């Protein structure tokens, strides 16, 4: 059942993205930036955690969860260190994703050749 | 050229009948399908990490995302991701796989300029905006929330 | 009188294309005109290490093939006019470095083929050169990488987009009797009707083609029916109907004798959205198929209008619109009179 919900929620988030591309004629860059900001804002209201509880990977896989993780890490450190904590915590939870992306992009670029 | 002047003023309106419209429904269905599949795969990977490794619900997201990024980078390297992207649109761009693809494709493309000036310098060409906006918005929302929590509650 | 009307050049001496050469990539070789190209490659890298080298190879091969057909070498050519889509026209410059022919680099985006041909013919007509090579090239990957996104990027292209041709064409022009005759050319003005969408160049270029065609017909005081074919470079599926409408509004009907290289070079099932585009598009179709048809007499008089979108990614990001230009050359079958 969790798979069905993950499928549905993830799919719906992607459909919103597709509508922004087709109807609003935004570029993919604008859509992705908006989504990540939306994720941060939703987490600001405490809503994104509830979505993750409900949809699991359907909420953690889309790029919106990146915004959520950035804010989440910031708030966690802010509880301990106050204002300064915001800066300390921002990349705490997203470290796995960003470092993986950098590492794998680097390795793939060394091994493969673009095919066009 | 009088006709042309009038046409120039509302050219964009007048050529709308000639421009093919995207098939909105088909595109949304494809995005829903592929986006859903990627998220379902993510769920399966997450459950795998919880079951076989020392992860729980809270932190299994990390290796899951890293695994999806690896898969996406490989598909980009094999020249398959761009075809998936053309089919799925937002369905492959919105999940974190799209982020990984944007970085990998940029790095791969600029290999001909060398590793330092090509691969490393250009890697964030397409993904930079996500990181910048994510960080800035996290700061702003974080500060607002912190002020709210500290002074108003 | 060489200058006729406002923008048209009528060549006083008989000017001929003596030979042409074309070199293309896999998709073009696989298309409907595949048999008409001299050299074809099975792979986009064209046996080179990177995309830019591949494009240079295509241009060099097209020139070599052209010269080989009439037993000439680089030393026999007085002037080389060429251009491509890349920043600083690297393809043309580096090919000129290789062939050491006195070189004038030209940039007209996708209108470069006719820009170089018209200018080359004018210089021959006025006696500044005896033999001129006019060449243009484009490559799908180099264009994508420079104007849009990395080639492996998974972004979705709309149906108005066009696919840049991987190919190069070259023609040798002189006063010696050759395959077809160049009788006149019309130099276009830059038009801009406010299109800002880099994924819809057909809509941006149609007004430029319309302006040049109309100017040509007015300067020479002729009707569209004068030509068996009015061919545009890469208006493709979106721009072609717009062109017909624009000209119809001015009283010129080209519905029966218009075609577009971008529509001719690919089949609809080759995933090319609205059709082909690029400097190479008009070059490979004109210097291959169209020249064959003119040689055999299937086509007697063709007005070839190459259209260019003077697009720059920086300008697009600065929210500017896309200026466009079109240059046309009249090619004629050589009858018994010559």
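Residue numbers (my numbering), protein chains in the order written: chain A, 215 to 330; chain B, -19 to 133; chain C, 7 to 344.
The beta-carbon is built from N, C-alpha and C at its ideal position, and this holds for glycine as well.
Computed from a prediction, not measured in an experiment: that's the story for all the values here.
Closer than 9 Å at the C-beta level to chain B, one finds these residues of the region 160 to 175 of chain C: 160, 161, 162, 163, 164, 165, 166. Chain-order list of chain B residues neighbouring residue 289 of chain A: 122, 125, 126, by C-beta distance under 8 Å. Annotation for residue 186 of chain C: 22, 23, 297, 300, 301, 337, 338, 339, 340 place their beta carbon closer than 8 Å to its own, counting only its chain and skipping 5 residues before and after. Neighbours of residue 91 of chain B across chain A, judged by C-beta separation under 9 Å: 323, 324, 326, 327, 328.
Using beta-carbon distances, residue 101 of chain B does not count as an interface residue toward chain A, since no partner is under 9 Å. Contact annotation, residue 26 of chain C with residue 65 of chain C: C-beta distance approximately 13 Å; criterion of less than 8 Å not satisfied. For residue 134 of chain C, no beta strand (DSSP E) encloses it, and the DSSP letter there is neither H nor E. In terms of Cα proximity to residue 266 of chain A, the closest of B:55, B:115, B:48, B:40 is B:40.
For the region 10 to 34 of chain B, the set of positions with a beta-carbon nearer than 9 Å to some beta-carbon of chain A reads 10, 11, 12, 13, 14, 15, 16, 17, 18, 19, 20, 21, 22, 23, 24, 25, 26, 27 in chain order. Taking a contact to require three or more Cβ pairs closer than 8 Å, the region 104 to 115 of chain C and the region 165 to 181 of chain C do not qualify as touching. Residue 99 of chain B: not part of any beta strand (DSSP E); DSSP gives it neither H nor E. Among the residues of the region 224 to 250 of chain A, those with a Cβ less than 9 Å away from any Cβ of chain C are 232, 235, 236, 239, 241, 242, in the order of the chain. The bridge partners DSSP lists for residue 282 of chain C are C:169.
Counting along the chain, residue 182 of chain C sits inside no alpha helix (DSSP H), nor does DSSP assign it H or E at all.
Between the region 34 to 48 of chain B and the region 243 to 255 of chain A, the count of C-beta pairs closer than 8 Å stays below three; the two stretches do not touch. Taking C-beta atoms as the reference points, residue 311 of chain C and residue 190 of chain C fail to come closer than 9 Å. Taking the CA atoms as reference points, residue 222 of chain C sits about 6 Å from residue 14 of chain C. Inter-segment contact for the region -1 to 13 of chain B and the region 231 to 238 of chain A is present: three or more beta-carbon pairs are separated by less than 8 Å. Residues 30 of the same chain have their beta carbon placed closer than 8 Å to that of residue 37 of chain B, with the five preceding and five following residues left out of the count.
DSSP places residue 27 of chain C in the strand class (E or B) of the three-state scheme. Under DSSP, residue 236 of chain C forms a beta bridge with C:264, C:309. Here residue 74 of chain B has 15 as same chain residues with Cβ atoms under 7 Å from its own Cβ, once five neighbours each way along the sequence are excluded. At the C-beta level, residue 285 of chain C and residue 314 of chain C come within 9 Å of one another. Every beta strand (DSSP E) of 3 residues or more that sits fully in the region 8 to 94 of chain C is shown, in chain order, as 14 to 30, 85 to 90. Distances from the CA of residue 193 of chain C to each of C:125, C:88, C:289, C:47 were compared; the closest alpha carbon is that of C:125. For residue 262 of chain C, the closest alpha carbon among the candidates C:334, C:142, C:232 is that of C:232.
Interface with chain C (9 Å Cβ-Cβ cutoff): residue 109 of chain B is excluded. Taking a Cβ-Cβ cut-off of 8 Å, the neighbours of residue 155 of chain C in chain B comprise 85, 106, given in sequence order. For chain B, the residues of the region 41 to 67 of chain C that bring a beta carbon within less than 8 Å of one of its beta carbons are 55, 56, 57, 58, in chain order. Around the beta carbon of residue 273 of chain C, a 10 Å sphere encloses fewer than 16 other beta carbons of the protein chains shown; the residue is thus reported as exposed. Note that the C-beta distance between residue 332 of chain C and residue 218 of chain C is below 9 Å. Non-local C-beta neighbours of residue 292 of chain C in its own chain, meaning closer than 6 Å and more than five positions away in sequence, comprise 310, ordered along the chain. Using a Cβ-Cβ cut-off of 9 Å, residue 35 of chain C is close to nothing in chain A; its nearest Cβ partner there is about 15 Å away. Check the Cα spacing between residue 326 of chain C and each of C:56, C:44, C:203: the tightest is with C:203.
Residue 7 of chain B belongs to the set of residues whose beta carbon lies under 9 Å from a beta carbon in chain A. Apart from the 5 residues on each side of it in sequence, residue 279 of chain A sits with its Cβ closer than 8 Å to the Cβ of 253, 262, 266, 273 in its chain, given in chain order.
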